[in-house]
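In full-length UniProt numbering, the protein residues as written are 1 to 290.
Note that CB positions come from ideal geometry on N, CA and C, so glycine has one too.
These numbers were taken from a predicted model, which means no experiment stands behind them.
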Amino acid sequence: MGVPPLPVRDGLGPARVRLRGGPVIDELGTRFGEQARAKVLAGEVVCADGSVVDETTALPPGACVYLYRELRDEVPVPFDIPVLHRDDDIVVVDKPHFVATMPRGRHVAQSALVRLRRELDLPELSPAHRLDRLTAGVLLFTTRRELRGRYQTLFTRGAVHKTYLARAAVNPDIPFPQVLRSRIIKRRGNLQAREEPGEPNAETLVELIAPGGLYRLTPRTGRTHQLRVHMAALGLPIYGDPLYPKVVEVAPDDFSSPLQLLAHTLEFDDPISGVRRQFVSRYRPGWCQC
1 MGVPPLPVRD GLGPARVRLR GGPVIDELGT RFGEQARAKV LAGEVVCADG
51 SVVDETTALP PGACVYLYRE LRDEVPVPFD IPVLHRDDDI VVVDKPHFVA
101 TMPRGRHVAQ SALVRLRREL DLPELSPAHR LDRLTAGVLL FTTRRELRGR
151 YQTLFTRGAV HKTYLARAAV NPDIPFPQVL RSRIIKRRGN LQAREEPGEP
201 NAETLVELIA PGGLYRLTPR TGRTHQLRVH MAALGLPIYG DPLYPKVVEV
251 APDDFSSPLQ LLAHTLEFDD PISGVRRQFV SRYRPGWCQC
């Protein structure tokens with residue numbers, strides 16, 4: 001994907017809408033309501049080449065237009081995002097619980113990306129990987145658009161060593177350490193990922209490192225909710241997990257029971273300098289920042 005034709009505004013990039021084809025104003029109005037039609041009439045919708053869409057513009061199926069979305073009211077997440085490291089190329093933060101990495105669904109202005117773009121005045125800041133909204137810990141961003149792919153590739157190649165800490169119950173009948181391998185599938189529209197028969201695509205080393213139920217989890221793959229699924233499969237769901245083993249409804253403004261899962265360390269060879277990098281979360285066992 002190329003550079004969007006509209007700049008980042010107040011920390012948020014433009015939304016990209018792929019069209020079904022035909023008059024743009026009619027399609028946007030049908031799909032998104034009168035507010036979208038009004039944006040066309042106000043000259044606030046542009047094509048991929050930067051030209052302004054007006055009431056006569058018609059585009060073929062698959063074409064894209066860009067516009068700034070209207071932000072809904074969001075519940076403020078009352079936790080800071082501490083910066084662990086910042087240089088010309090990257091920013092590394094200790095993401096708190098309840099903060100989404102990127103804008104998604106009802107979490108937009110309160111996402112780490114938008115908040116950090118605003119706080120650090122870095123409009124091209126982009127995440128090199130993601131952490132679940134409920135997971136706290138070390139999160140890496142790139143400062144310029146042209147750098148993002150080089151750091152993202154480290155994660156897709158499995159060239160980043162990651163360890164997590166988690167709190168859960170202890171079962172003396174379960175031996176540790178052990179490696180869990182299974183096939184985990186997350187389907188669109190389902191809150192939970194599930195283990196299914198078939199070739200394993202997820203692998204996690206699980207170690208009990210304190211008798212009270214502190215575990216070190218080392219994922220060797222990166223499936224959605226992998227660590228949470230594997231711990232629940234052991235019969236030891238992570239404390240505070242509202243999805244595993246069963247879904248529990250939590251109010252948007254309830255920050256009282258964070259998921260006790262922490263992205264503790266991140267280690268890799270920097271693709272720009274070649275230097276070995278290691279970043280460690282400053283949260284500690286009992287790390288709830290509430």
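Runs of the beta strand (DSSP E) lying entirely within the UniProt domain "Pseudouridine synthase RsuA/RluA-like" (89-233) and spanning at least 3 residues, in chain order: 90-95, 136-142, 161-167, 178-185, 194-196, 202-210 and 214-219. Counted as a single uninterrupted DSSP element, the stretch harbouring residue 278 is not any alpha helix (DSSP H) but the beta strand (DSSP E) occupying residues 276-280. Taking 8 Å as the cut-off, the beta carbon of residue 79 is found no closer than this to the beta carbon of residue 65.
Residue range 15-18 is occupied by the beta strand (DSSP E) that includes residue 16. In this structure, the beta-carbon distance from residue 18 to residue 62 falls below 8 Å.
Going by DSSP, residue 269 is part of no alpha helix (DSSP H) but of the beta strand (DSSP E) stretching over 261-269. Here the segment 178-191 does not lie against the segment 155-162, with fewer than 3 beta-carbon pairs under 8 Å apart.
In the three-state reduction of the DSSP assignment, residue 36 falls in the helix class, which pools H, G and I.
For residue 83, the enclosing beta strand (DSSP E) stretches over residues 83-86.
The C-alpha of residue 276 lies about 53 Å from the C-alpha of residue 34.
Less than 8 Å separates the beta-carbon of residue 36 from that of residue 28. Residue 21 is bridged by DSSP to nothing; it lacks a bridge partner. Inclusion of residue 156 and residue 90 in the CB contact set at 8 Å is not warranted, their separation being larger than that value.
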